[in-house]
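The number in our numbering is simply the position in the sequence shown, starting from 1, with 661 added. Scroll down for the structure; my scribbles are underneath it.
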Amino acid sequence: MNPVLMIGLVALLPLTALVTVIQKRPFYALISRGIMGTVAALIYAAMGAPDVALTEALMGTLLTVLLYLIAVRSSMVVQIGWLETHESLPVPNGSACDPLFEPIRRCCHSHYLELEIVRFTDKSTMNQALRRGHIHAVFGPSESDHEKENTDGESTSPPYVLRLAQHDRSLTRLFQSCFSDGRIDVVKSAGREKG
C-alpha cells in the first residue's frame, strides 16, 4: 500500500476518535464511531490482517453502532400523556408539533430529546400508565390544587400542569429548569407501581 495513504489512514484514526468524544448529540457520536471503526478495519486490512479487519468491521463497527443506536433511540424519547377528553381545551392533533406542546418540545429539543405524545381517552388508564412507568409525564390543564400567588397577592394557577413520574428525577430537574417562569407547573406524581 502507498505509504502516504497509510499515514493518512493512521492519522485519521485519532482524529475520528476525538470527534466521537467531543460530540454533544449522541447520533453524531454514533456516526463518527462508525467512521472510526471503518478506518480501523481499513488499517488492519492494509497491514495484512484480513481476519482482524473483518472482525472489526462486523463486531466493532456494525454491531456496536447498531446496538448503541437502538439504546440511544429508546432512551432519548420523552413520552408525555395527553387526555383527549379535556372539554375546555381545543383538542390537539396529538403530535409534538402542535402549538400547545411547543414549550415542552423546545425544552426537550434543547436537551437533545425527542418528544412523543401518547393520547389517552380515560384518565385512570393514563394515571396507571404514569405510575407503572409506561410514560414519563402527563400534560394537561391546571387543576385548582396547584394554585400560586402572584405579585398582587391574588391566587392564580398556571394554565397547564406537567405531572412527572416520581422516579424520573432527572426529567423533573430538566423540566423545572425549563419552566421556572411559572407558565407550566411541574409537579411529581405518586411513586412507581410494580408490574
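The beta-carbon is built from N, C-alpha and C at its ideal position, and this holds for glycine as well.
Which of helix, strand or coil DSSP assigns to residue i
| i | result |
| --- | --- |
| residue 783 | coil |
| residue 841 | coil |
| residue 776 | strand |
| residue 749 | Unreliable positioning characterises residue 749 in this predicted model, as indicated by a pLDDT of 48, which lies under 50. A coordinate reading is not provided. |
| residue 734 | helix |
Classification of residue i by the beta-carbon crowding that lies within 10 angstroms, buried from 16 upward
| i | result |
| --- | --- |
| residue 666 | exposed |
| residue 662 | exposed |
| residue 682 | exposed |
| residue 770 | exposed |
| residue 719 | exposed |
| residue 669 | exposed |
| residue 717 | buried |
| residue 842 | exposed |
| residue 808 | Any reading at residue 808 is ruled out, since the residue's pLDDT is 46, under 50, leaving its predicted position unreliable. |
| residue 783 | exposed |
| residue 672 | exposed |
| residue 732 | exposed |
Boundaries (first-last residue) of the alpha helix (DSSP H) holding residue i
| i | result |
| --- | --- |
| residue 691 | 687–707 |
| residue 715 | 711–716 |
| residue 764 | 763–771 |
N-terminal and C-terminal residue of the beta strand (DSSP E) that residue i is part of
| i | result |
| --- | --- |
| residue 857 | Since the first residue shown for the chain is 662 and the last is 856, residue 857 is missing from the structure and cannot be characterised. |
| residue 669 | Careful: residue 669 lies outside any beta strand (DSSP E), inside the alpha helix (DSSP H) at 664–683. |
| residue 744 | 738–744 |
| residue 825 | 821–825 |
heavy atom of the ligand SAM below 8 Å from residue i C-beta
| i | result |
| --- | --- |
| residue 722 | Judged by which ligands are present, the structure shown has none, so any question about the ligand SAM falls away. |
Checklist entry - Pairing CB atoms from the region 710–726 with CB atoms from the region 673–682, are three or more of them under 8 Å? => result no
Next on the checklist: Could you check whether the region 762–775 touches the region 714–730, counting it as contact only if at least three pairs of C-beta atoms, one from each stretch, sit closer than 8 Å?
Outcome noted: no
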